[in-house]
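Below: one structure, written as structure tokens.
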Amino acid sequence: MIAANPRIRDLPPGLLAQRFSEASVTLDYGAALVRVRTLLKPFVRDFQRVYGAFFLAEEASFADFHTEVCSGKGLRAIFGPQSRFLIDGIQPFDPFPREQALPHFEWGVNWCFGKRFNQHVLLHSGVLALGDRGVIMAAPPGSGKSTLTAAMMLRGFRLLSDEFGVLCPHTGQLWPMLKPVALKNRSIDVIRAYTDQAILGPVYGGTRKGDVVHLAPDEASVDARKLPARPHLVLFPRFREGAALTTRRLPSEEAFARLAFNSFNYGLLGQISFNAVADVIDACSAFELEYSRLDEAIEYLRAMLSESTVAAAAA
Amino acid sequence: MSSLGGVDPCMHGLLALLIDPQQVRSVCLADWDKIIRLARQSRLLGVLSYRIQSHPELLPQVPGCVLGHLRSAAAYSAHRTQVLRVELAALAKALPAEVPVVVLKGAAYILQDLESARGRLPGDVDLMVAYDDLKRAEAALLGAGWAAEEINAYDQRYYREWSHELPPMRRPGSSVELDLHHTITPVTARLKPDTALLFTDLQVVEGKRFLVLHPQDQILHAAVHLFQDSELFANLRDLVDIDSLIRTHLHSESDWQALAVRAAHHHLERPLWYALRYCRAWLATTVPDALPLAAPPAMAIRWMDWVFPRCTLPRIPDRPPPFSRRLAAQLGLLRHQWLRLPPALLLRHLAHKGVQSLRPRPAVQHKAE
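Quick mapping for you: the protein sequence lines, in order, are chains X and B.
For the first sequence, our numbering assigns the number 322 to the last residue and increments by one with no breaks.
For the second sequence, our numbering assigns the number 377 to the last residue and increments by one with no breaks.
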């Protein structure tokens with residue numbers, strides 16, 4: 008349901024900037040609410056583009072994290088201007104150039120989740136869904152996970168997360184942690200060439216991860232941000248130039264180890280995460296997937312996620 | 009409740025919840041928002057979580073998003089506690105069996121499995137050996153792989169000559185810092201407990217290689233730590249430790265009398281007096297009225313009542329601190345150093361640190377995480 012509340016992209020920029028300056032912007036990522044205060048104009052401009060489909064949370068007497076994006080101290084406010092990210096007044100890392108305030112903020116919010124959100128098992132994975140049937144895609148950096156995640160959303164899958172797969176240990180459900188998808192280096196051009204439907208933010212050159220562009224989550228994913236999904240499929244994708252699509256079913260113990268050790272807080276949560284990941288592996292079939300053509304991989308996944316196939320595979 | 013120094017009204021809410029978790033029934037969501045931030049700032053979110061979660065019947069009254077943060081803090085505290093246990097086991101192996109080693113503060117609460125340790129987020133491991141055993145213990149640790157972090161010659165001298173502990177050590181790959189003490193306050197400090205008495209009454213912990221202080225010395229150590237030794241700001245946690253130790257260790261009128269006598273023997277009446285004052289005012293600790301403890305002069309109490317809450321209680325950092333709080337911080341810092349160093353040495357130390365602060369230095373790691 009679309010609320011009377013306008014989407015962020017439809018707000019007058021002056022109004023958005025004013026809300027930001029009053030610290031009355033609360034972002035609803037699904038699993039978490041983040042309050043943001045800023046006076047930085049470049050940040051507000053870029054934010055409005057990549058968070059365009061989001062809403063400003065109305066009833067926001069509570070936020071999980073209270074953040075601020077502000078300018079550098081002293082002369083750095085004028086010369087070589089910087090942006091600083093603060094959470095509860097703490098600055099967890101060094102300032103960025105001001106033009107990169109948005110990627111700085113994105114990393115800052117990731118830091119908050121990674122450090123202070125241990126009520127969930129945080130899988131290092133993309134999560135997408137068809138209806139409430141979720142696929143967990145876990146892979147080390149550089150294996151093309153973000154590219155595949157982005158392409159799946161652009162082909163109608165619901166995006167839950169690109170980086171933080173949020174698994175609730177009490178319900179076994181996957182919660183959306185819906186952030187812009189950070190595309191890096193080569194995957195930027197891949198997605199540009201893939202469709203002209205993608206809403207992309209500016210290119211931030213020379214960050215510590217190279218060039219970064221953010222893909223805006225679509226309306227359907229934003230509107231479903233409060234709907235958890237059930238894990239149905241665990242996938243370890245790998246892009247290889249020119250490869251034909253091949254899959255390998257993984258034995259449970261291997262799938263368990265690969266998923267668990269790809270988690271941000273598996274060791275920290277001990278028994279809680281052991282049980283939660285074991286339940287996921289019990290409920291899902293797990294595959295390794297090698298591909299070179301995005302659409303081929305996506306059609307395969309669409310088939311896998313249809314209920315009958317999952318049931319047959321699990322039988 | 010008196011003398012909270014004009015802090016956020018939600019500070020009362022946090023204290024009320026620490027005293028009586030049943031109060032969750034009357035906390036609204038907007039207050040939870042602040043209470044969680046205040047608790048986290050003073051490293052008390054895990055303790056708050058433990059106290060609330062000890063009453064399962066209250067959990068339906070706690071909003072889901074709040075319960076999430078309570079669970080998160082409980083998990084983090086449990087993890088750090090486990091890491092600390094592993095570290096203690098490694099230390100037990102590394103230290104020569106014939107050297108008596110005392111575990112202090114948070115690690116001691118864990119070792120004794122005290123109520124005070126539940127939900128507590130432990131920091132460093134603090135160990136104490138007799139001065140004559142110090143070199144031997146240090147050598148054994150260095151031999152077993154612990155290493156001191158690189159510090160400059162001045163700081164090295166500060167630790168070795170004027171402090172009560174060696175420069176912090178760490179085992180490669182471990183996230184736990186080790187402070188090796190030979191007494192519980194800096195050797196230059198004004199408040200100097202009777203180290204011989206500390207060592208006379210050490211307690212064995214059943215099944216462990218380590219010793220701990222006498223229960224009353226544990227309370228006095230926590231008090232002296234709060235008022236003289238610890239980091240000065242947002243250390244409400246130290247007061248919560250004292251309250252919890254009192255509830256655990258003191259059961260009768262005669263226990264209280266013995267504590268007062270022992271405080272006098274250690275010349276620690278003043279920090280104990282203040283600790284009890286704020287424990288009673290903020291944490292509703294039951295303290296008998298007729299204790300043989302001399303009260304400080306009325307002016308000193310008024311001064312302390314102004315400075316202490318402004319330094320000790322956490323605050324919501326959305327706005328810069330008000331002038332009164334910044335002033336209190338400066339006064340508190342001055343008093344803190346005054347208690348630790350004699351005037352000539354203090355002047356020299358401040359001059360040195362003043363010059364140093366003009367030089368660029370590397371970013372500081374944030375302990376709160």
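Idealized CB from N, CA, C, for every residue including glycine.
For residue i and residue j, which I take to be in contact (beta-carbon distance under 8 angstroms), what is that distance rounded to the nearest angstrom?
| i | j | result |
| --- | --- | --- |
| residue 15/X | residue 63/X | 7 angstroms |
| residue 228/B | residue 271/B | 6 angstroms |
| residue 147/X | residue 168/X | With 8 angstroms as the limit, residue 147/X and residue 168/X do not qualify as a contact, their Cβ atoms being about 17 angstroms apart. |
| residue 124/X | residue 39/X | 7 angstroms |
| residue 150/X | residue 246/X | 6 angstroms |
| residue 187/X | residue 208/X | 7 angstroms |
| residue 135/B | residue 222/B | Not quite, the Cβ-Cβ distance comes to about 17 angstroms (not below 8 angstroms), so this is no contact. |
| residue 213/B | residue 91/B | The pair is not a contact, with the Cβ atoms about 19 angstroms apart (cut-off 8 angstroms). |
Sort the options by Cα distance to residue i and report the nearest one.
| i | options | result |
| --- | --- | --- |
| residue 132/X | 237/X, 244/X and 260/X | 244/X |
| residue 134/X | 149/X, 44/X and 158/X | 158/X |
| residue 178/B | 248/B, 214/B and 131/B | 131/B |
| residue 310/B | 321/B, 48/B, 282/B and 212/B | 282/B |
| residue 299/X | 308/X, 293/X, 309/X and 248/X | 248/X |
| residue 162/X | 13/X, 251/X and 301/X | 301/X |
| residue 160/X | 198/X, 177/X, 171/X and 128/X | 198/X |
| residue 76/X | 236/X, 224/X and 28/X | 28/X |
| residue 305/B | 299/B, 278/B and 329/B | 278/B |
| residue 192/B | 185/B, 60/B and 201/B | 201/B |
| residue 276/B | 230/B, 173/B, 210/B and 244/B | 230/B |
| residue 107/X | 262/X, 53/X and 237/X | 53/X |
| residue 119/X | 171/X, 155/X, 156/X and 104/X | 171/X |
| residue 104/X | 215/X, 282/X, 310/X and 205/X | 215/X |
| residue 233/B | 164/B, 158/B, 344/B and 181/B | 344/B |
| residue 138/X | 117/X, 230/X and 211/X | 230/X |
Could you tell me the boundaries of the alpha helix (DSSP H) in which residue i lies?
| i | result |
| --- | --- |
| residue 177/X | That residue, residue 177/X, is in no alpha helix (DSSP H); it is neither H nor E in DSSP. |
| residue 20/B | 18–27 |
| residue 263/X | 259–267 |
| residue 294/B | First-last for residue 294/B: undefined, no H or E at that position. |
| residue 149/B | 142–151 |
| residue 186/X | Segment: none, residue 186/X is in no alpha helix (DSSP H) and carries neither H nor E. |
| residue 251/B | 244–257 |
| residue 50/B | Counting along the chain, residue 50/B falls outside any alpha helix (DSSP H), and DSSP gives it neither H nor E. |
| residue 54/X | 48–57 |
| residue 230/X | 226–230 |
Roughly how many angstroms lie between the CA atoms of residue i and residue j, to the nearest whole one?
| i | j | result |
| --- | --- | --- |
| residue 362/B | residue 356/B | 10 angstroms |
| residue 26/B | residue 255/B | 14 angstroms |
| residue 112/B | residue 226/B | 8 angstroms |
| residue 374/B | residue 107/B | Residue confidence for residue 374/B is low, a pLDDT of 43 falling below 50, so the modelled location carries little weight and cannot support an answer. |
| residue 80/X | residue 91/X | 9 angstroms |
| residue 226/X | residue 60/X | 5 angstroms |
| residue 155/B | residue 317/B | 37 angstroms |
| residue 286/X | residue 84/B | 22 angstroms |
| residue 96/X | residue 117/B | 31 angstroms |
| residue 127/B | residue 271/X | 22 angstroms |
| residue 232/X | residue 36/X | 7 angstroms |
| residue 199/B | residue 312/B | 17 angstroms |
| residue 115/B | residue 141/B | 21 angstroms |
| residue 337/B | residue 319/B | 6 angstroms |
| residue 301/B | residue 276/X | 46 angstroms |
| residue 217/X | residue 250/X | 26 angstroms |
| residue 20/X | residue 55/X | 8 angstroms |
| residue 63/B | residue 29/B | 8 angstroms |
| residue 24/X | residue 51/X | 6 angstroms |
| residue 262/B | residue 111/X | 59 angstroms |
| residue 209/B | residue 96/B | 22 angstroms |
| residue 36/B | residue 77/B | 16 angstroms |
| residue 128/X | residue 177/X | 10 angstroms |
| residue 186/B | residue 101/B | 15 angstroms |
| residue 142/X | residue 22/B | 41 angstroms |
| residue 44/B | residue 262/X | 37 angstroms |
| residue 89/X | residue 213/X | 15 angstroms |
For residue i, report the span of its beta strand (DSSP E) as first-last.
| i | result |
| --- | --- |
| residue 42/X | 40–45 |
| residue 92/X | 89–94 |
| residue 162/X | It is not in any beta strand (DSSP E) - residue 162/X carries neither H nor E in the DSSP assignment. |
| residue 119/X | Unbroken run through residue 119/X is the alpha helix (DSSP H), 108–123; no beta strand (DSSP E). |
Worksheet item: Would you call the segment 66–86 of chain B and the segment 145–159 of chain B in contact, with 3 or more CB pairs under 8 angstroms?
Response: Result no; under three Cβ-Cβ pairs closer than 8 angstroms.
Worksheet item: Can we say the segment 65–75 of chain X touches the segment 22–42 of chain B, given the rule of at least three CB pairs closer than 8 angstroms?
Response: Contact between the segment 65–75 of chain X and the segment 22–42 of chain B is present, because at least three Cβ pairs lie under 8 angstroms.
Fill in: the segment 245–253 of chain B contacting the segment 286–303 of chain B, beta-carbon criterion three pairs below 8 angstroms
In the pairwise beta carbon analysis, the segment 245–253 of chain B is classified as touching the segment 286–303 of chain B: at least three pairs are separated by under 8 angstroms.
Discussion item. Does the structure place the segment 100–114 of chain X close enough to the segment 47–57 of chain B that three or more beta carbon pairs sit under 8 angstroms?
Written reply: When C-beta atoms of the segment 47–57 of chain B are compared with those of the segment 100–114 of chain X, fewer than three pairs fall below 8 angstroms, so the two segments do not count as touching.
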